[in-house]
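Just below is one structure, and these are the notes that go with it.
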Amino acid sequence: MEVIKTIRDMQAMSRGFRLEGRSIGFVPTMGALHEGHLSLIRRARDECDVTVVSIFVNPTQFGPQEDFDRYPRDPEGDLKKLRPIGVDVVFMPEVQEMYPHGASITVDVGDIGRILCGKSRPGHFNGVATVVTKLFNIVMPDRAYFGQKDFQQSVIIKRLVRDLDFDIDIVVCPIVREPNGLAMSSRNLYLSDEERQAATILYKALKFGEEQITSNGIRDAVKVKREMERMIASEPLARIDYVEIVDTEELLPVDTIKGPVALCVAVWIGNTRLIDNMVIDTSGRTGTEPASGSQRDDINLKHPGVKSIGGFIEERLGGFMKKIKRLESFDLYNIVISEVEKSIISMVLRETKGNQLRASKLLGINRNTLRSKIKKLGIKIR
Ligand code: AMP
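Here the sequence shown is numbered in the working numbering, starting from 166 and rising by one per residue.
Spelled out as structure tokens, the structure:
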């Protein structure tokens with residue numbers, strides 16, 4: 166695992182990966198790593214050839230009265246957690262490296278940065294968008310992984326990539342929670358035992374809201390919101406910043422619940438501000454991308470009556486096995502895998518009429534990985 170401190174070294178390293186045709190998965194973090202961060206990192210590792218994690222507590226996303234100075238920092242502990250996961254590169258710049266004297270140009274995300282968390286944290290999302298833009302230019306990833314935990318942030322980053330034409334896939338990963346429902350967060354380290362217990366009220370209120378919508382069929386968003394507020398207010402250590410039910414694109418409050426909505430809460434527990442959310446669609450599914458999730462469930466490769474892919478291969482190889490039995494060695498594994506790979510990629514490319522971006526999405530592999538496989542396997546695109 167390489168630890169890199171300078172922008173120049175990181176860019177040189179990423180340029181090298183790209184020249185070799187290796188896809189780069191990137192997870193930006195502010196450190197004090199927990200299982201939530203690690204879930205993103207494992208996913209990047211599983212989906213990309215190279216995994217880069219950044220650890221940088223970004224001063225420009227903290228307000229003057231906020232916790233930049235006391236934000237938890239544990240670089241040694243973080244590196245210890247990252248080594249066994251198989252991370253290739255950790256980018257850990259100093260503040261001076263990222264914001265040298267004279268740096269003045271920033272990204273303005275517009276109105277979407279002034280609602281929800283942006284109301285009580287003015288300038289926060291401009292700071293996030295600026296540092297993420299810089300990190301994208303430094304790490305040059307193919308895919309970048311963000312948590313649904315920071316739902317508004319994930320929506321803004323998707324928009325940043327769309328509006329500023331970054332050629333990067335944004336992957337939003339589910340919220341990782343403690344067994345008691347509390348969403349994992351580096352800021353949970355600020356909580357006393359009593360506060361930690363009180364903080365479970367966020368998840369309880371979200372579950373309650375979800376139940377009102379999915380089990381009780383309530384579609385009046387204001388009513389659900391009021392009941393969630395009442396529930397949170399019953400916790401003596403909690404002070405509400407906001408409770409909102411918003412659409413998942415513009416993040417604007419809805420009156421009537423239809424289609425996917427996000428229940429979003431921000432609550433002070435003592436001196437610690439915690440956020441949490443739940444995405445719900447009115448058919449009762451929860452998650453980040455309800456539509457594509459439910460479509461996926463309809464497609465079952467092991468459908469009864471349809472021969473399994475494994476069974477089909479065994480049938481085809483049955484006679485062949487008898488022939489190679491007598492040989493000392495044979496490259497069977499690689500031959501079969503590359504045959505299967507070649508035919509599945511060719512088939513999907515035919516279906517997408519040679520559109521590699523769509524094909525990579527259908528195959529569930531990175532665009533660069535697809536490109537290098539097309540070359541390696543000698544696939545002809547018509
Ligand atoms: P942070 O270090 O707080 O900036 O978080 C880095 C990334 O980890 C962000 O994309 C967060 O949304 C994500 N993340 C933080 N907590 C969790 C969690 N409990 N579950 C999933 N992702 C998380």
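Cβ coordinates follow ideal geometry from the N, Cα and C atoms, glycine included. Please read all numbers here as calculations on a predicted model, not as lab measurements.
Here M486 is exposed, its C-beta having fewer than 16 other C-beta atoms within 10 Å. Between the region 294-307 and the region 336-353, the count of Cβ pairs shorter than 8 Å is below three; the stretches do not touch.
By the 16-neighbour rule on beta-carbons within 10 angstroms, G519 is exposed. Within the same chain, H289, Q317, A431, I440 come within 7 Å of C282 by CB-CB distance, once the 5 residues on both sides are set aside. S179 and Y498 have their alpha carbons spaced roughly 32 Å apart. For V389, the closest alpha carbon among the candidates V501, D420, I321 is that of D420. Here E409 is buried: its Cβ has 16 or more other Cβ atoms, across all protein chains shown, within 10 Å.
Taking C-beta atoms under 8 Å as the contact rule, M166 and R248 qualify, at a distance of about 6 Å. Taking a contact to require three or more Cβ pairs closer than 8 Å, the region 289-298 and the region 248-257 do not qualify as touching.
The beta carbon of D412 is closer than 8 Å to those of V419, G424, P425, V426, A427 in its chain, skipping five residues each way along the sequence. Residues of the same chain with a CB within less than 8 Å of the CB of R532, apart from the 5 flanking positions on each side, are S188, D307, D334, Q521, L522, S525 in chain order. Across the structure, P287 and F227 are spaced so that their CA atoms are roughly 9 Å apart.
Within the same chain, and ignoring the five residues on either side of F331 in sequence, the residues whose Cβ sits closer than 6 Å to its Cβ are F301. Secondary structure of M175 (DSSP, three-state): helix. Across the structure, V387 and I378 are spaced so that their CA atoms are roughly 12 Å apart. When C-beta atoms of the region 230-241 are compared with those of the region 259-279, fewer than three pairs fall below 8 Å, so the two segments do not count as touching. Annotation: I478 to K170 spans about 49 Å, alpha carbon to alpha carbon.
Beyond the five residues adjoining it in sequence on each side, T534 comes within less than 7 Å, by CB distance, of S188, D214 in the same chain, given in chain order. Going by DSSP, A427 is part of the beta strand (DSSP E) stretching over 426-434.
In the DSSP assignment, E212 falls within the unbroken alpha helix (DSSP H) covering 200-212. Y355 and P229 have their C-alpha atoms roughly 19 Å apart. Per DSSP, N291 is one residue of the alpha helix (DSSP H) stretching across 289-304.
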